[in-house]
Ligand SMILES: [Zn+2]
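Residue numbers (UniProt numbering): 1 to 466.
Encoded structure:
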């Protein structure tokens, strides 16, 4: 038995041994995208990290029931659809299909279900009616239905903030018609300017964002499930509010483990609106292979912020090249044998420690180093080791391409970025070789090696690396 999986729980601020409510099954809900624009690199980080968490649960033999919702109604969506002269559903369907395109290019596994908020309006209305009946909610002067945070004494438990002062100040007003507390949040928003909406017992309107996620997660997974996650910017107020309304209505603990992913920053700041276009996945994927982006996004610990720089992406590329180079010439159809089982164990120990991917990477590099050595001494063993490398890297969604094709593609991308001088020299060397001018060919190779460029001749042509 390898060590047990421990996960950092935002709720307790501790790494806890994970134990699923139903043995062998993990029920997990992740807050998905609000589809008002193209996805950016921050989205990619959150969903790639959860992708790895799901892959690792599968690898450990769990059956995972993974729900990732789509928020397809909110103010920005309404605004964008009007601006684009599209209906809401035309606009959101288009954005959802763009998101699916991006995620599939990044090889992010599909969730088991992808509920959309607009498909749950009836359930949301019932949820709100329940909260009103139990006096956890009220109708404000302007007609919106609000959740009264003073009615929930543990409010602040997830974000570790103390709101008891507010309770003292505001709880006296619980039966008046005023908005009691500036922290109270909207459950049902009345359409004041004839905006898009649905009929409800409180008038034409639309649901608030928080109530959508409580309703979708509970409809799919029940009122007590294993894991709920999202970006760390969702801890407060989104997830705090989800807990308040869910626990208030059902009286159950709602979620056992809360997992939050650090933000991607640029110049130490959260990605701003002005950077959003530049940092769309579309744009970054023009210059980097999907595995390079994936490698970069999982390279820092998932709870810490990750700074976006071109040099980090280039480093990710260099690291992946190293791993792929060790796989060159290795048979893809070999399966890993017991010889290398200790690596499997080490890998699981790393991943069991709150998904310590950096540690897991160091094990992949150990294996890669072994392969390079064994290629000379014991080719058969090298093959087995390469199979182990592929097996473990797959848990991280990496090393899934043909090494020659990957390295070749990387060369082409490098050429696009760094001009084609090196490629011209390679062509010159190839011409020299074709005419058996070995002296000239060697000289070009040496000149390149003097500036740190290594050439590898493969059956699909010559590739280069730094
Ligand atoms: Zn959510």
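Cβ coordinates follow ideal geometry from the N, Cα and C atoms, glycine included. All of these numbers come straight from a predicted model, not from anything done at the bench.
Residue i beta carbon near ligand 1 (any heavy atom closer than 7 Å)
i, result
"residue 238", "yes"
Cross-strand partners of residue i (DSSP beta bridge)
i, result
"residue 7", "16"
"residue 116", "70"
"residue 266", "269"
"residue 410", "Its beta-bridge partners do not exist; DSSP assigns none."
"residue 65", "27"
"residue 145", "139 and 188"
"residue 40", "280"
"residue 306", "264"
"residue 454", "465"
"residue 198", "205"
"residue 34", "71"
For residue j and residue i, believed in contact at Cβ under 8 Å, the rounded distance
i, j, result
"residue 210", "residue 241", "4 Å"
"residue 255", "residue 225", "6 Å"
"residue 265", "residue 302", "Not confirmed; about 14 Å, so no contact."
"residue 473", "residue 4", "Outside the modelled stretch of the chain, which goes from 1 to 466, sits residue 473, for which no answer is possible."
"residue 238", "residue 39", "Their Cβ separation, rounded to whole angstroms, is 18 Å, which puts residue 238 and residue 39 out of contact at 8 Å."
"residue 468", "residue 257", "Not covered by the structure: residue 468. The range shown for the chain is 1 to 466."
"residue 410", "residue 348", "With a Cβ gap of about 30 Å, residue 410 and residue 348 do not count as contacting."
"residue 386", "residue 371", "5 Å"
"residue 426", "residue 462", "5 Å"
"residue 490", "residue 324", "Because the chain in this structure spans residues 1 to 466, residue 490 falls outside the shown range and cannot be described."
"residue 88", "residue 207", "Actually they do not touch by this definition, with Cβ atoms about 14 Å apart."
"residue 69", "residue 114", "7 Å"
"residue 212", "residue 71", "6 Å"
"residue 295", "residue 398", "6 Å"
"residue 160", "residue 13", "7 Å"
"residue 235", "residue 158", "6 Å"
"residue 77", "residue 143", "Residue 77 to residue 143, Cβ: 22 Å. No contact."
"residue 124", "residue 215", "5 Å"
- Task: Using the beta-carbon of each residue, find all residues closer than 5 Å to any heavy atom of ligand 1 and list them in chain order.
- Result: Any residue whose Cβ sits closer than 5 Å to a heavy atom of ligand 1 makes the list: 31 and 213.
- Item | Segments assigned beta strand (DSSP E), at least 3 residues, entirely inside the region 213-260 | Qualifying beta strand (DSSP E) stretches, in chain order: 224-231.
- Query: What are the uninterrupted segments assigned as alpha helix (DSSP H) that are 4 or more residues long and contained completely in the region 311-369, given in chain order?
  - Reply: Here the runs fully enclosed are 341-352.
- Message: Runs of 4 residues minimum, wholly inside the region 77-126: which ones carry the alpha helix (DSSP H) assignment?
- Response: Every alpha helix (DSSP H) of 4 residues or more that sits fully in the region 77-126 is shown, in chain order, as 88-105.
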